[in-house]
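The structure under discussion appears below in the form of structure tokens.
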Amino acid sequence: MRVSEPLLGGLRRPGDSGSGDSSAGAMALGFSGHKVAKRKLQESSEEPPLKLNIQFSSPERKTSKERYGPSKRGAVTDSSAKPTFNASREGRAQVKTSSLFKNNPEIPEIHRSSVKQLQEKVFTSDSFEALDLHPHLVSTLSSLFSITKMTRVQKVTIPTLLSGRDAMVQSQTGSGKTLSYGVPLIQSLQGLSPKIQRSDGPYALILVPTRELALQSFDTIQKLLKPFMWIVPGVLMGGEKKKSEKARIRKGINILISTPGRLVDHIKTTKNIHFGRVRWLILDEADRILDLGFEKDITAILNALNAECEVRQNVLLSATLSQAVVRLADISLKDPVNVSVTEEVPVASPREQGDPRPTEPPGPDSYAIPENLQQHVVVVPSKLRLVLLAAFVLDKTLYEKKQKMIVFFPSCELVEFHYMLFNNVLNTVPEAESPEPTPVATRRLNLLRLHGNMDQKERTDVFLEFSQCRNGILLCTDVAARGLDLPQVTWIVQYSAPTSPAEYIHRIGRTARIGCRGSSLLLLTPSETEYVESLAAHKISVSELKMEELLDCLMKDDRFRVKRGGSKESQEAGEQERRRRATVLQSKFEDYVHSSEEALLQAKTALQSFIRSYATYHRTLKHIFHVRRLHLGHVAKSFGLRDAPQNLVRPRPGAKKRGHRQERPDLPKKLTNKQRLAAIMRSEYSSGISPGGPKKPKRSKKSQSQKRT
Ligand SMILES: Nc1ncnc2c1ncn2[C@@H]1O[C@H](COP(=O)(O)OP(=O)(O)OP(=O)(O)O)[C@@H](O)[C@H]1O
Numbered sequence: 001m002r003v004s005e006p007l008l009g010g011l012r013r014p015g016d017s018g019s020g021d022s023s024a025g026a027m028a029l030g031f032s033g034h035k036v037a038k039r040k041l042q043e044s045s046e047e048p049p050l051k052l053n054i055q056f057s058s059p060e061r062k063t064s065k066e067r068y069g070p071s072k073r074g075a076v077t078d079s080s081a082k083p084t085f086n087a088s089r090e091g092r093a094q095v096k097t098s099s100l101f102k103n104n105p106e107i108p109e110i111h112r113s114s115v116k117q118l119q120e121k122v123f124t125s126d127s128f129e130a131l132d133l134h135p136h137l138v139s140t141l142s143s144l145f146s147i148t149k150m151t152r153v154q155k156v157t158i159p160t161l162l163s164g165r166d167a168m169v170q171s172q173t174g175s176g177k178t179l180s181y182g183v184p185l186i187q188s189l190q191g192l193s194p195k196i197q198r199s200d201g202p203y204a205l206i207l208v209p210t211r212e213l214a215l216q217s218f219d220t221i222q223k224l225l226k227p228f229m230w231i232v233p234g235v236l237m238g239g240e241k242k243k244s245e246k247a248r249i250r251k252g253i254n255i256l257i258s259t260p261g262r263l264v265d266h267i268k269t270t271k272n273i274h275f276g277r278v279r280w281l282i283l284d285e286a287d288r289i290l291d292l293g294f295e296k297d298i299t300a301i302l303n304a305l306n307a308e309c310e311v312r313q314n315v316l317l318s319a320t321l322s323q324a325v326v327r328l329a330d331i332s333l334k335d336p337v338n339v340s341v342t343e344e345v346p347v348a349s350p351r352e353q354g355d356p357r358p359t360e361p362p363g364p365d366s367y368a369i370p371e372n373l374q375q376h377v378v379v380v381p382s383k384l385r386l387v388l389l390a391a392f393v394l395d396k397t398l399y400e401k402k403q404k405m406i407v408f409f410p411s412c413e414l415v416e417f418h419y420m421l422f423n424n425v426l427n428t429v430p431e432a433e434s435p436e437p438t439p440v441a442t443r444r445l446n447l448l449r450l451h452g453n454m455d456q457k458e459r460t461d462v463f464l465e466f467s468q469c470r471n472g473i474l475l476c477t478d479v480a481a482r483g484l485d486l487p488q489v490t491w492i493v494q495y496s497a498p499t500s501p502a503e504y505i506h507r508i509g510r511t512a513r514i515g516c517r518g519s520s521l522l523l524l525t526p527s528e529t530e531y532v533e534s535l536a537a538h539k540i541s542v543s544e545l546k547m548e549e550l551l552d553c554l555m556k557d558d559r560f561r562v563k564r565g566g567s568k569e570s571q572e573a574g575e576q577e578r579r580r581r582a583t584v585l586q587s588k589f590e591d592y593v594h595s596s597e598e599a600l601l602q603a604k605t606a607l608q609s610f611i612r613s614y615a616t617y618h619r620t621l622k623h624i625f626h627v628r629r630l631h632l633g634h635v636a637k638s639f640g641l642r643d644a645p646q647n648l649v650r651p652r653p654g655a656k657k658r659g660h661r662q663e664r665p666d667l668p669k670k671l672t673n674k675q676r677l678a679a680i681m682r683s684e685y686s687s688g689i690s691p692g693g694p695k696k697p698k699r700s701k702k703s704q705s706q707k708r709t
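Per the UniProt record's numbering, the sequence shown starts with residue 1, numbered consecutively.
This is the structure:
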């Protein structure tokens, strides 16, 4: 349902859509056939956008009074906008916030040409018994995993690996790649003669990008090894005391699962780690491991392996594996078999069935998407982003039942901020005077968070809790984007666009796994809608949901009803009521953010971090995501701030254009752009220790909080 114009009558012309020429950008990327038509919401006097060329000064230790002037809780501080409700004039509504629905940019209408998504058939009717595996291995699959039939990728990969070949395996998220390498690995190791001894050390190395994935892979391998107790698996992942890891290495680990950084650290500092018997090197999420962030670690690991073992089988797996990445990493594969089940079954997505146009062959960066995954996008002006996100979280996880959601944010600071805010504002019990609180309002959101700045114990606890819970919302960074098999996740929400289509695929791939159903929602601002075309170029098709419809759910919750001074008034039109409730919710957020120095600082830190993250988009996406396009005042609103903070310094007159880099106290000063990006990505997947070198003194909490994840 499209929303009629009058509903949007309060919206004004854009203040933040920037001046970039989107069609020029589209041509530069080679897009064709996609049009973005502008739907003008309403003409109005235009608030000039703040031109940003931001330099960051470190947060000043000022009181909120100094920073924002005397605090008037609930006062309207956006001078360009009048309050939506005027208590004194109308004598009723008490909405304490600046105008949420005014001065917003026009929302473009997205027209897309047909995109034929690639899909794979996941299941086969072939059973594992057909593979001549050890009968105990087959019975373990059935008893511990409840699995008897192979998936397509398993059917092709397992015999390939059993024949001793190297392989590059690409298949969609949640299609069973772990067992594709796990089963042949265990089958081959259990059959070795003489029998493997624990003291022999590693026969196989499995490298994964994150600690949680290391734990998960370890769990799978350990289960597979149940009938073969003489083979010992072990996980090295940082966060744990290195001393105890060294002790385990000394005793012997036959299948070693590790994050690259942690393994490099042991290679450099642990005497007893030897690779003379290694026969398998498995890189799960290989494209992630082989790209920029881990380049140095992988080189160190390959050097150590090559120095001690001559013959080994190499296996690379990912849902987004590309030859280019492998070539870039210069990993030596011996005549590898390319396992890809994707292009075999190109089918139209249901909404495009019947389109007479011919299907283009899949490009090198086109990836299959699970058949039962419904992808959505919503275009929301910056000012409304926070309210919309909150409304959506409430709708799916509080007002509906049996929903489990993951929300991806671009940095740890954003995760922390939203975790704090949602817990304190959305999990409040309705006030006593509320007339008969609705049942939904008395329930609580089960909020969890996961990012790279948390200590390992907490990370593991959260990972396990979210794996096991039936309802919950995980707020996280991309630390949870790769490989994690979290059961029954029904919704994936992306607060902002990921930096690459591959990361988009992995994020949404946390739902609709192994034949299950799931949905995803990507939030874009009006100036970012061209990103939909960028996804389409990779054969990713998203359908649009309307912001107004998503905000409708606020009607279900009386906590956001506007107070009417005791007497009941007749219901205003639904659209007005919806906007009032959204404003009440925003007002609650703003009140909370401005209620303490700590909350205010956290909001400001998150805003700063968001703008930094905006600067990390690849140059091919810079025409869509450029800090100059951000309207700082509007973005500040989505952090519950009534004004743009003062310490986001505008460029000094005459300052060199190219020198305006954000301060990253956690990164060395002298870095090239490439090294800088690599360092930021590294911190995302940090193994918890500084790579290779001796232990550095702990950084202060302040500088740690600047880390991306
Ligand atoms: N043959 C099978 N039949 C049914 N379920 C299976 C089968 N093989 C694996 N699974 C289950 O499917 C789920 C997803 O498997 P897995 O995590 O290996 O997917 P993946 O392809 O590695 O995904 P990603 O690309 O996201 O890492 C797991 O819960 C696993 O136990």
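Glycine is no exception: its CB is placed at the ideal position from the N, C-alpha and C atoms. Note that the structure is predicted; figures quoted are calculated from it, not measured.
> Along the chain, where does the beta strand (DSSP E) that runs through Q646 open and close?
Replying inline: By one-based count along the sequence shown, residue 646 stands at place 646. Under the DSSP assignment, Q646 falls outside any beta strand (DSSP E); it carries neither an H nor an E label.
> Between E528 and the rest of its own chain, which residues show a CB-CB distance below 7 Å, the 5 nearest in sequence each way excluded?
Replying inline: Mapped onto the sequence shown, residue 528 falls at position 528. Counting only Cβ-Cβ distances below 7 Å, and skipping sequence neighbours, we find A497, I624, F625.
> Is the Cβ of P194 closer than 8 Å to any Cβ of chain D?
Replying inline: Any reference to chain D falls outside this structure, which holds one protein chain only.
>> Between M150 and ligand 1, is there a pair consisting of the residue's CB and a ligand heavy atom that are separated by less than 7 Å?
In response: Mapped onto the sequence shown, residue 150 falls at position 150. Yes, ligand 1 has a heavy atom inside 7 Å of this Cβ.
> With respect to 7 Å, is the separation between the Cβ of L179 and the closest non-hydrogen atom of ligand 1 below this value?
Replying inline: As a working mapping, residue 179 is identified with position 179 in the sequence shown. Within the cutoff, so yes.
>> In whole angstroms, give me the CA-to-CA distance for G276 and P159.
In response: Within the sequence shown, numbered from 1, the residue matching residue 276 stands at position 276. Within the sequence shown, numbered from 1, the residue matching residue 159 stands at position 159. Taking the straight line from one Cα to the other gives about 26 Å.
> Quick one: is S193 buried, meaning 16 or more other Cβ sit within 10 Å of its Cβ, or exposed?
Replying inline: Reading the sequence shown from its first residue, position 193 is the one you call residue 193. Classification for S193: exposed.
> DSSP three-state call for M405: helix, strand or coil?
Replying inline: By one-based count along the sequence shown, residue 405 stands at place 405. DSSP places M405 in strand when its eight states are reduced to three.
>> Using only CA atoms, which one of K241, I221, K242 lies nearest to P233?
In response: In the sequence shown, residue 233 corresponds to position 233, counting from 1. Minimum Cα-Cα distance from P233 among the listed residues K241, I221, K242 corresponds to I221.
> Below 8 Å, can you find three or more Cβ-Cβ pairs linking the region 380-397 to the region 545-557?
Replying inline: With the cut-off at 8 Å, the region 380-397 and the region 545-557 touch.
> Going by the beta-carbon positions, is the gap between Y495 and L523 smaller than 8 Å?
Replying inline: Working through the sequence shown from its first residue, we reach residue 495 at position 495. Working through the sequence shown from its first residue, we reach residue 523 at position 523. A contact, by the Cβ cut-off of 8 Å.
> In whole angstroms, what separates the C-alpha of F408 from that of D132?
Replying inline: Taking the sequence shown and counting its residues from 1, the one referred to as residue 408 is at position 408. Taking the sequence shown and counting its residues from 1, the one referred to as residue 132 is at position 132. Approximately 42 Å between the Cα atoms of the pair.
> When DSSP builds the beta bridges, which residues end up paired with L474?
Replying inline: Stepping through the sequence shown from its first residue, residue 474 is reached at position 474. Note: L474 sits in a beta bridge opposite I406, L448.
> Buried or exposed: which applies to E47, given that a residue is buried once 16 or more other Cβ atoms fall within 10 Å of its Cβ?
Replying inline: Walking along the sequence shown from the start, residue 47 turns up at place 47. Low confidence applies here, because E47 scores a pLDDT of 33, under 50, leaving its location unreliable and the question unanswered by this model.
> Just curious, the beta strand (DSSP E) that N314 is in, first and last residue?
Replying inline: Reading the sequence shown from its first residue, position 314 is the one you call residue 314. Taken as a continuous stretch (DSSP letters only), the beta strand (DSSP E) holding N314 covers 313-318.
> Which one or two residues does DSSP pair with P105 in a beta bridge?
Replying inline: Within the sequence shown, numbered from 1, the residue matching residue 105 stands at position 105. In DSSP, P105 forms no bridge with anything.
>> I believe N446 touches I473 by the beta-carbon criterion, under 8 Å. Please report the beta-carbon distance rounded to the nearest angstrom.
In response: Within the sequence shown, numbered from 1, the residue matching residue 446 stands at position 446. Within the sequence shown, numbered from 1, the residue matching residue 473 stands at position 473. Their Cβ separation, rounded to whole angstroms, is 7 Å, which keeps N446 and I473 in contact under 8 Å.
>> Can you tell me where the alpha helix (DSSP H) holding F466 begins and where it ends?
In response: Working through the sequence shown from its first residue, we reach residue 466 at position 466. Note, F466: alpha helix (DSSP H), 456-468.
> Are the beta-carbon atoms belonging to R444 and N427 less than 8 Å from one another?
Replying inline: Translated into positions along the sequence shown, residue 444 becomes position 444. Translated into positions along the sequence shown, residue 427 becomes position 427. Cβ distance < 8 Å, so R444 and N427 count as in contact.
> Beta carbon of Q154: closer than 7 Å to some heavy atom of ligand 1?
Replying inline: Taking the first residue of the sequence shown as 1, we reach residue 154 at position 154. For ligand 1, at least one heavy atom lies less than 7 Å from the Cβ of Q154.
>> If I measure Cβ to Cβ from L141 and keep anything under 6 Å in the same chain, skipping five residues before and after, which residues do I get?
In response: Residue numbering aside, residue 141 sits at position 141 when the sequence shown is read from its first letter. The beta carbon of L141 lies closer than 6 Å to those of F128, I147 in the same chain, with the five residues before and after it left out.
> For I231, which residues of its own chain have a beta-carbon under 7 Å away from its beta-carbon, when the five flanking residues on both sides are left out?
Replying inline: Sequence index remark: in the sequence shown, residue 231 carries index 231 (1-based). Within the same chain, I231 has close Cβ partners L189, Q190, I196, L225, N254, I255.
>> Checking the sheet assignment: what are the DSSP bridge partners for D287?
In response: Against the sequence shown, residue 287 aligns to sequence position 287. None; D287 has no bridge partner.
> Under a Cβ-count criterion, where at least 16 other Cβ atoms within 10 Å of its own Cβ denotes burial, should A636 be classed as buried or exposed?
Replying inline: Taking the first residue of the sequence shown as position 1, residue 636 is located at position 636. Burial call: buried.
>> Just to check my reading of the structure: G640 and V593 have Cβ atoms closer than 8 Å, yes? What is that Cβ distance to the nearest angstrom?
In response: Here residue 640 refers to the residue found at position 640 when the sequence shown is read from its first residue. Here residue 593 refers to the residue found at position 593 when the sequence shown is read from its first residue. G640 to V593, Cβ: 3 Å. Contact.
> Does ligand 1 have a heavy atom nearer than 7 Å to the CB of residue 719?
Replying inline: No answer is possible for residue 719: it lies beyond the span of the chain, which begins at 1 and ends at 709.
>> Since V532 and I110 should fall inside the 8 Å C-beta cutoff, what is the C-beta to C-beta distance between them, to a whole number of angstroms?
In response: For the purposes of this step, residue 532 is taken as the residue at position 532 of the sequence shown. For the purposes of this step, residue 110 is taken as the residue at position 110 of the sequence shown. With 8 Å as the limit, V532 and I110 qualify as a contact, their Cβ atoms being about 5 Å apart.
> Going by the CB atoms, is the gap between Q170 and S382 shorter than 8 Å?
Replying inline: Indexing the sequence shown from 1 puts residue 382 at position 382. Indexing the sequence shown from 1 puts residue 170 at position 170. Q170 sits away from S382, with the two beta carbons spaced by 8 Å or more.
>> Does Q117 come out as helix, strand or coil in the three-state DSSP assignment?
In response: Working through the sequence shown from its first residue, we reach residue 117 at position 117. Here Q117 sits in coil by DSSP.
>> Which residue marks the beginning of the alpha helix (DSSP H) containing S609, and which one marks its end?
In response: Here the question's residue 609 lines up with position 609 in the sequence shown. It spans 597-614 - the alpha helix (DSSP H) in which S609 sits, taken as one unbroken run.
>> Please classify E416 as buried or exposed, where buried requires at least 16 neighbouring CB atoms within 10 angstroms.
In response: As a first step, residue 416 must be located in the sequence shown, where it is residue number 416. Flag for E416 reads buried.
> Since A204 sits in a beta bridge, which residues does DSSP pair it with?
Replying inline: Position 204 of the sequence shown, counting from 1, holds the residue named residue 204. Under DSSP, A204 shares a beta bridge with I255, W280.
> At what residues does the alpha helix (DSSP H) containing M420 begin and finish?
Replying inline: Counting from one through the sequence shown, the residue named residue 420 turns up at place 420. Its alpha helix (DSSP H) spans residues 412-421.
>> If we require 3 or more residues per run, which beta strand (DSSP E) segments fall completely within the region 138-213?
In response: Contiguous beta strand (DSSP E) elements confined to the region 138-213 occur at 149-151, 167-170, 204-207, taking only those with 3 or more residues.
>> Between which two residues does the beta strand (DSSP E) holding T124 run?
In response: If you number the sequence shown from 1, residue 124 lands on position 124. Taken as a continuous stretch (DSSP letters only), the beta strand (DSSP E) holding T124 covers 123-127.
> To which residues of the same chain is F390 closer than 7 Å at the C-beta, ignoring the five residues directly before and after it?
Replying inline: In the sequence shown, counting from the first residue as 1, residue 390 sits at position 390. With the sequence shown as reference, residue 390 is identified as Ala, and Phe is not the correct amino acid for it. Shown here for A390: same chain residues with a beta carbon closer than 7 Å to its own, the five before and five after excluded, namely F422, L426, L585 in chain order.
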